[in-house]
Amino acid sequence: MNTPEPAEVPATKKSKRSWLACLISLLSGGIMALAFAPYDISFIVWVGLLPILTVLWCGPAKFWRGFFMAWLYGMGWYGVSFWWIHEVGYVFNIPLWLFILIAFLPLMAVYSAMLGLWGGLTATVLRPRFTPSPDTTGMRPEKQKEAWGTWAWQDTLSTLYSAAGVAATLVCVEWMRSSGTLAFSWNTLGMGMYHGLSLVQWAEFVGTTALSFIPAFVAVILWGAARRSYLYFKGAKRHCHIWDFYGTMIVLFMLFLGGLFISKSYSQNAMLRRDSTLALPVLAVQTNKDQKEKISERQRGIHDFNEALLNTTVQAAQEVLQAQMKTAQENKEHLAFPIHQPAWIIWPESALTFDLSKDTAKNQLFTDDRPVQLNTRQEMRMYNYIRYQQDLATQFTEQALPALREQLGLPVVLISGVDEHRFVPTENGALKIEGMLNSMVCMSGTDINTMQSAAKQHLMPFGEYIPLADSCKWIQDTYTEVTGTQVGDGIHPGSGSEPMLTPVPGKGETVGIIPAVCYEDTVGSVLTKFVRKGPQVIVNISNDAWFRHSACGAQQARNAAFRCIELRRPMVRAANMGYCCAIAPNGAVIDAQETPHESGYSFAVLPVDRNAGFTLFAIAGDWAVFVCLLILMAELIVYFLRKKLNA
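Counting from 1, position 309 in the sequence shown corresponds to residue 308 in numbering that gives the first Met the number 0; the numbering is continuous, with no gaps.
Shown next as structure tokens:
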């Protein structure tokens, strides 16, 4: 039995209520953004949905009203949370107002529309069945108690039913935002539980997206329990037992305790005490180079092998060694303190100032002469440029890299980012130049033939490719007219799923690198393909200079920590103008650059499990999202069956 329709409200009063509901939705969405980096007011994640639930359930049960209110909520949430995106306009000299109008607001509107779908369903299909309070006037006390007890039990069941549907639907719409063409998985509701690390450990089993079920379910239970307690006390003049809330808190506490023990077992200290753990010293270095400066240097043909980065690396390695020697000296009477020298050095995505060439048929890098099909002057100029880049690459591997190793006194492995020109085979056996790859390169030997590379597979829409351009001619023509280049001449997605097997100097062992280029460390489905049994490390190289000194770096690093939990692999990140850091398999930061928006470094000893296996998420992926979809479908069926029976 549903609540009876209220009496007709005057138009002026109704208009004021509508405006107030819109304002509450927008402002409370902005407040929800404070639960995430860089603000990290984590308790908001547990109560941040209460205002929008109040707006949705205290108004008429209309889908489009719910859609619009939740859309406003999303605009507040995402508009504040992802405000840093506007910084890219500065790099391209686009006025702020224009960038907001043509790029930022449309993108936020698309993301918020997915939350709007959640709001429309929450306001209608998933709405609790608000049974009217019993009229116990003139009843005997025992009858009053029985009537109110029956009402409270029905309301409890309705709240539980609604909580499951609301939480499952939110997981589904966040998965929609995290997948597809405009994939953007940052700052999902479950990520707000990061602090403490206990509850987020369950991402190993259900994935990060499904974690949103927990705070969303708790919010609905809290909302329903508060409403029930108020009405019960108002009518029965005594307190009622909110069993759904008690039970939810008990389950939440059990999840917390279980996650606490899991987190401890995957911590750096706990893992390094095991004989099966390899201690891998890694040094991530960045020089905080502005993107405008980098673009300008590229246009002027400056290729200095990034001397500033070379010098910073040498200085960083010396400081790391001195710090360890000092600590060992201070602890010499108490314990044996091991000295770790960097085995791997990681530079950011934007660090190397030369390009490489890749034969896509053989999936191999090369610098030698090969027959190339050149039909136009533009292709000839491009080929000459590529040959010049190949010479620079050879000079780096034969001169700069050996000099760096000599200065360090270590046979270090260098990992960084590089652009690769694609050479595609033609029918006559020659090669033709076709676009580029944004890749990670691993240099463990003394010449270019020992290099390994892995290309970025998850490209940034509009930044690295134009959606639908390959199939729509008018998009191709518009793109050519605006940019002066053909579709296909830009960045192409990479392929493959084999990790890069990389030696660990001084250890005599090999570790598999799970490559994550740019924001791929926020996309679980990409990294999962590279998981193999045995010792592995996730390596991320990023260039956050596109977004300058903003919250982008902090949010990406936070998001990346969830990949470590999902796969139970440690990670090292080198990010230009971002957060250079090392992360343990439990998602905890082992070490981070103290001043992320300045030139600096991060040094850590990664705990690498030699016997690492497969997590449930690595095997089954987002299976929990599918379960949430089934819950939503079941509640949709029940809703329409009830509607048909009541008709």
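Glycine residues also receive a C-beta, built at the ideal position from the N, C-alpha and C atoms.
### Query
In terms of DSSP beta bridges, what is R557 paired with?
According to DSSP, R557 bridges with nothing at all.
### Message
Whether or not the stretch 524–536 and the stretch 602–621 are in contact is what I'm after, with contact meaning three or more pairs of Cβ atoms, one per stretch, closer than 8 Å; do they touch?
### Response
yes
### Message
With a threshold of 8 Å, are at least 3 pairs of Cβ atoms found where one atom belongs to the stretch 312–326 and the other to the stretch 377–389?
### Response
no
### Query
Using DSSP with H/G/I as helix, E/B as strand and the rest coil, what is V624?
helix
### Query
In the stretch 116–178, which residue ranges form an unbroken alpha helix (DSSP H) of at least 4 residues, counting only runs that do not cross its ends?
140–177
### Task
Measure the alpha-carbon distance for P424 versus T359 and round it to whole angstroms.
8 Å
#### Entry: Top-ranked residue by Cα proximity to Q372, from I513, N427, L271 and K361
N427
### Query
Run through DSSP, which three-state label would W76 get?
helix
### Message
Taking DSSP's pairing of strands, which residues face Y600 in a bridge?
### Response
V284
#### Entry: alpha helix (DSSP H) segment containing R386, residue limits
R376 to Q394
### Query
Mapping DSSP to helix, strand and coil, what is S262?
helix
### Query
To which residues does DSSP link W83 through a beta bridge?
Partner(s): none; W83 has no beta bridge.
### Query
Which first and last residues belong to the alpha helix (DSSP H) in which M270 is found?
Q267 to L271
### Message
If you measure between the beta carbons of E560 and I537, is that distance less than 8 Å?
### Response
The sequence shown places Ala at residue 560, not Glu. Taking 8 Å as the Cβ cut-off, A560 and I537 do not qualify as a contacting pair.
### Query
With 16 other CB atoms within 10 Å as the buried threshold, where does D154 fall?
buried
### Message
If you follow the beta strand (DSSP E) that W343 is in, where does it begin and where does it stop?
### Response
W343 to I345
### Query
Do you know how far the Cα of Q314 is from the Cα of R421?
36 Å
### Task
Measure the beta-carbon distance from A573 to Q285 and round it to whole angstroms, keeping in mind my assumption that it falls under 8 Å.
6 Å
### Helix, strand or coil at L640 [DSSP, three-state]
helix
### Bridge partner(s) assigned by DSSP for V371
L430
### Query
Do T312 and V412 come within 8 Å of each other at the CB atom, strictly closer than that value?
no
### Task
Could you tell me the boundaries of the alpha helix (DSSP H) in which R734 lies?
The structure shown does not extend to residue 734, since the chain is modelled only from 0 through 646, so no value can be given for it.
### Task
Report yes if the CB atom of L631 is closer than 8 Å to the CB atom of T121, and no otherwise.
no
### Task
Please report the residue range of the beta strand (DSSP E) in which P502 lies.
M499 to V503
#### Entry: Backbone CA spacing between M0 and F129 [nearest angstrom]
Residue placement at M0 is flagged as unreliable, the pLDDT there being 40, under the threshold of 50; a coordinate-derived value is accordingly withheld.
### Query
Pick from G88, G552, L430 and E397: whose alpha carbon is nearest that of F101?
Rather than Phe, the amino acid found at residue 101 in this sequence is Ile. Out of G88, G552, L430 and E397, G88 has the C-alpha closest to the C-alpha of I101.
### Task
Go through its chain and collect everything with a Cβ distance to L25's Cβ below 8 Å, but skip five positions before and after it.
L71, Y72, M74 and G75
### Query
Do the CB positions of G552 and Y578 come within less than 8 Å of each other?
yes
### Task
Given a cut-off of 8 Å, decide if Q456 and P492 are closer than it, judged by their beta-carbon atoms.
yes
### Task
State the Cα-Cα distance for the pair A34 and F42, rounded to the nearest angstrom.
7 Å
### Task
Determine the closest residue to E648 out of P347, E433, K357 and T396, with distance taken between C-alpha atoms.
Lying outside 0 to 646, the shown extent of the chain, residue 648 is not represented and no answer is given.
#### Entry: Simplified DSSP state of T482, which is helix, strand or coil
Bear in mind that the predicted position of T482 carries a pLDDT of just 45, short of 50, making it unreliable; the figure below should be weighed with that in mind. Residue state, collapsed to three classes: helix.
### Strand pairing of D418, partner residues [DSSP]
D354 and N437
### Message
Which same chain residues end up closer than 7 Å to A550 when comparing Cβ atoms and leaving out the 5 residues on each side of it in sequence?
### Response
A36, P37 and W83
### Task
With a threshold of 16 other CB atoms inside 10 Å of the CB of Q363, please say whether the residue is buried or exposed.
exposed
### Cα-Cα separation between I51 and G620, rounded to whole angstroms
31 Å
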